[in-house]
Amino acid sequence: MTTLVVTTSNITAPPVTTEQLLRTLHRLPAGHPDRELLRARAIENNLPLAKRLALHYAGRGERFDDLAQVAALALVRAVDRYSPDRNCPFLAFAVPTILGALKRHFRDTAWGMRVPRSTQELLLDLPAATSHLTQLRGRPPTPAELGDHLGVDVDVLLAAIAAAQVYRLPSLNAPATGTDDADLVDLVGTVDPGYGCVDDRMELGSLVATLPLRERRILTMRFYGEWTQARIAAEIGVSQMHVSRLLSRALTQLRVAFLASAGDPAHPGAKPS
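Spelled out as structure tokens, the structure:
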């Protein structure tokens, strides 16, 4: 982790981490002159990280300056929302926060219609995967090879590529084809509120896929098979207490990652209103 030296009117310290900076900040009373300096140092210390994360999404139809600004603002929010009392490394909190902001930027500004979040993120990962496999094999990869590399079925990949056709569609204020006085917006219906639930479920499914195989299996048995913890313990050969710990850890990891991706504006413990 990158370190820096903080020297203020009342603080002279050896090199410290971002966690130590923010822990010191939280211990100072409101209005203390060193609070803003510590906050600024924490932000400055991690701006290169924000820029690197923004660079990962460069060349995909959005200006890099805009992406860098989105990442920097997300970093500021991460610094302000980080709680040292949670004993969570700052990067473990900041990186999902910044990536979530970048993905929402693409989702909210670059798509001509509502496309599932998992589909949009798959398309964001597609250029890097294509480049990697092309260099590895000396030729463009086939859809099957891309799907295998990205961990999705070929049909899912092809559907995502087809969905890319709605990226950057013409403005809704443009005249509708075949009419004299109507704009495209006049022909648009309302959005079914159920789409939001589908989007969240697809997002959660992609997060579950990142868990280790054993945790995925336990979650499936517990919540889809409705197995008791005792039955799960007997099936996989561990104690019921260990199953309980594995479930708790997996659910906590999913909750933190989901809320970070959702971009909770207040704190990482509740979804945005």
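If you read the sequence shown in full-length UniProt numbering, its first letter stands for residue 1, the second for the next number, and so on. For glycine and all other residues, C-beta sits at the position ideal for the given N, C-alpha and C. Since the structure is predicted, the reported quantities are computational estimates derived from the model, not experimental observations.
Asked: Could you give the distance in angstroms between the alpha-carbon of LEU219 and the alpha-carbon of VAL16?; Found: 39 Å
Asked: Just tell me which of THR228, ILE232, LEU247 and ALA234 has its CA closest to the CA of VAL208.; Found: LEU247
Asked: Kindly give me the distance between the Cβ atoms of GLN236 and ARG214, rounded to whole angstroms, as I take these residues to be in contact under 8 Å.; Found: Here the sequence assigns Ile to residue 236, which means Gln is not the residue at that position. About 7 Å separates the two Cβ atoms, so the contact holds.
Asked: Roughly how many angstroms separate the alpha carbons of ARG23 and ALA74, rounded to a whole number?; Found: 20 Å
Asked: Which residue marks the beginning of the alpha helix (DSSP H) containing ASN45, and which one marks its end?; Found: 33–55
Asked: Do LEU67 and LEU102 come within 9 Å of each other at the CB atom, strictly closer than that value?; Found: yes
Asked: CB-CB under 8 Å to PHE64, same chain, minus the five flanking residues each way: which ones, in chain order?; Found: ALA54, LEU55 and ALA58
Asked: Classify VAL16 as helix, strand or coil using the three-state DSSP reduction.; Found: strand
Asked: Take GLN240 and list the residues in its own chain whose beta-carbon comes closer than 7 Å to its own, dropping the five residues that flank it on each side.; Found: GLN229, ALA230 and ALA233
Asked: Going by alpha carbons, who is nearest to residue 325 out of LEU204, TYR224, CYS88 and ARG245?; Found: Any answer about residue 325 is impossible in this case: the structure gives the chain only from 1 up to 273.
Asked: For PRO212, decide whether its Cβ has a neighbour in chain D, counting only Cβ atoms nearer than 9 Å.; Found: Here chain D cannot be found, since the structure has a single protein chain.
Asked: Rounded to whole angstroms, what's the CA-CA distance from LEU38 to PRO96? Just pull it up for me.; Found: 22 Å
Asked: Using three-state DSSP, classify THR228 as helix, strand or coil.; Found: coil
Asked: Helix, strand or coil: how does DSSP classify ARG63 here?; Found: coil
Asked: Does DSSP put LEU28 in a helix, a strand or coil?; Found: coil
Asked: Quick check on the burial criterion: 16 or more other C-beta atoms within 10 angstroms. Buried or exposed for LEU136?; Found: exposed
Asked: What would DSSP say about GLY205, mapped onto helix, strand or coil?; Found: helix
Asked: Mapping DSSP to helix, strand and coil, what is VAL166?; Found: Any reading at VAL166 needs caution, since the residue's pLDDT is 48, under 50, leaving its predicted position unreliable; the model's value is listed next. Three-state DSSP puts VAL166 in a helix.
Asked: Do HIS26 and ASP80 count as a contact pair if the criterion is CB distance below 9 Å?; Found: no
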